[in-house]
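Just below is one structure, and these are the notes that go with it.
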Amino acid sequence: MNALKSVRRTLNVSSPARNPIQNRVIYSLGIRVYTEQPACELNLALLLNGKKYPLYENNTEEYLWTIDTSEDGWTIQYIRSLKNNGMICGNWTYLRPYPDGCDPECLLTMVQIYAETGPLSPCPKNETSQISGWNECMTLCYENSFCLIAFLTEEGYCSWYSIDDGVYFLKKTTADSGKRMVVKLNLNNETCTLTTDKLLEDNFFMADGTEKTLQMNFTQASGKPDLPFYRVKTTDEYYIMMYYGNEEAKNAKNGFGCPIYFDTDYLGLTVTPSQQMCTRPFQLPGVTQPDAKMFCEGLGGHLFVERFSTFLNSGETQRLVAEEFGKEWGFGRLGGENWKIWMGLEADPECGEEEDQTTGYCSGNQKWRYSEPSWPMLYNGASSISFSWESGHPIPQKKSAYLQVKGSGDTVSGHSLFSADCTQSDLDGFVCATYLQQEMGIPKYADMMAKYNFS
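Going by UniProt numbering, 226 is the number at position 226 of the sequence shown; the sequence numbering is gapless.
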């Protein structure tokens, strides 16, 4: 255990209930605390008598405070715990940057966060035996070159994900939930100088493909090894991860120039890079349209669209069902079911009766538009796009749209668009689309290699 040096500041809060003043307005005082104990096990006697709390939810060691009850009110003490020099690589604490954080042996680091597995995540891998606790789980992940994210189950097992698993969303929790995860980051000479919060704010990290750090079963179609890199960013609700590769090569897990696990959409047309899209279907039963939009936008894209008349007859619907990366990426075999998939099509408030109906998306689209109006439309010889509506649709009162795919096994026998309320929840999933990496402002593969001094 590392010794801590503490700096304290004291603030006294009077208790109006114990020192009443005539004509004084008495207010209730609420105090928010972060604690690792379940809230139902706590009471005021325990909470307000010297218990230490972190000021910041992910920092349980440096900035702390306590509150004590006295006859005259409450005494609040602020404590700054100063780290000593006995730590190695910061002991993976929140207190970055570490004095030795840019030493070569410390560039591979483990970042602890209060989080749990989020939506769109596959089943994790599990260690076969129970372990001693959290620190051992972190160490197991650190020493496992395929482990990217790990967490300790309630039963005492260390569960983990690799880059190959494609985990995108880690849902934020608080210290009192007891739910936390650790993420492996391979730092360089720039990122090793950042605080923990800055590391997670919006940065790119690269695997080096060795047994010492982080590996992935990821090669170009030609068989040449390629290194993935990944992005970590933070929102109010999630830590979001996204995965990228060499934009100049087609790899086993992505289409040419696309993010990892995204494939180029089937066009059969000559397009410019700014017109090309990359797609990825997600199964998520019960998802609503606003949530589907939010997930796609979190990954740097938007809900997929019908790009030109007869587009969904061109092979795209077939690929949505039988995704080439394996059934875990697509919607699997149809069986006797029909898939319902949210698409990026919404009623367009700008195409009213008095508006010009001759412009691109107002002409011939029955007053509907892409959810993201900036998506490029491909007219393929036509002057407008005629969407594949089911007979009787769209219904004027409905503002969103989903694609119903019909068929059996891997054979698609038909498909059509249905208008719907955005809160409709009997959907099977959705399809996200992004631009090519080079059109999204993602760092070039060569530049990432240079930042890590990889040849």
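Note that the Cβ used here is the ideal one computed from N, Cα and C, for glycine as well.
In the assembly as shown, T288 is a buried residue. Its beta-carbon has 16 or more other beta-carbons within 10 Å. When the Cα atoms are used, F205 and E390 turn out to be separated by approximately 45 Å.
Rounded to whole angstroms, the gap between the alpha carbons of G381 and C106 is 57 Å. Here G118 is buried. Its C-beta has 16 or more other C-beta atoms within 10 Å.
Burial check for P394: the Cβ neighbour count within 10 Å reaches 16 or more, so the residue is buried.
Three or more beta-carbon pairs drawn from the segment 339-349 and the segment 396-405 are found closer than 8 Å, and the two stretches are therefore classed as touching. Look at K52 here: in three-state DSSP terms it is strand. Non-local beta-carbon contacts of S162 in its own chain, meaning distances under 6 Å to residues more than five positions away in sequence, involve F146, L148 in chain order. S416 has Q404 as its beta-bridge partners, per DSSP.
Cβ neighbours of C296 within its own chain (closer than 6 Å, five residues either side excluded): H302, L303, C432. With a threshold of 16 other beta carbon atoms within 10 Å, S408 falls short and is exposed. For F387, the closest alpha carbon among the candidates L417, V405, L95 is that of L417. In the three-state reduction of the DSSP assignment, C422 falls in the coil class. When the five nearest sequence neighbours on each side are left out, the beta carbons in the same chain lying within less than 8 Å of the beta carbon of W134 are those of L152, R180, in order along the chain. Contact between the segment 257-271 and the segment 85-102 is absent: fewer than three C-beta pairs spanning the two stretches fall below 8 Å. Leaving aside the five residues that flank L140 on each side, the residues in its chain whose CB is nearer than 8 Å to its CB run, in chain order, E127, I131, C147, A150, C158, W160. In the three-state DSSP reduction, K293 falls in the helix class (H, G or I). Only residues of its own chain outside the window of five on either side were considered, and among them G344, Y370, W375 have a CB closer than 6 Å to the CB of V305, listed in chain order.
Taking 8 Å as the cut-off, the beta carbon of Y238 is found closer than this to the beta carbon of K172. Note that the C-beta distance between T411 and M277 is not below 8 Å. Unbroken alpha helix (DSSP H) stretches of 4 residues or longer found wholly inside the UniProt domain "PAN-3" (92-214): 134-143, 196-201, given in chain order. Inclusion of Y114 and G166 in the CB contact set at 8 Å is not warranted, their separation being larger than that value.
In this model, T191 and P124 are separated by some 28 Å (Cα to Cα).
Shown here, G298 sits in a helix according to DSSP, grouped into three states. For N338 and K406, the gap between their C-alpha atoms comes out near 5 Å. For E346, the pairing in a beta bridge is given by DSSP as R369, S400. Close CB contacts of S413 within its chain, under the 7 Å cut and outside five residues either way in sequence, are with K406, G407 (chain order).
The continuous beta strand (DSSP E) containing Y244 extends over residues 238-244. Nearest to F282 by alpha-carbon distance, out of N313, Q275, P273, Y261, is Y261. Boundaries of the alpha helix (DSSP H) harbouring K451: 445-451, taken from the DSSP string. Of M377, W342, Y452, F454, the smallest CA-CA separation from S425 is found for W342.
The three-state reading of DSSP puts C89 in helix, counting H, G and I together. Here DSSP, grouped into helix, strand and coil, assigns F262 to coil. In the three-state reduction of the DSSP assignment, L312 falls in the helix class.
The beta carbons of P285 and C422 sit no closer together than 8 Å.
DSSP lists T279, H302 as the bridge partner or partners of A433.
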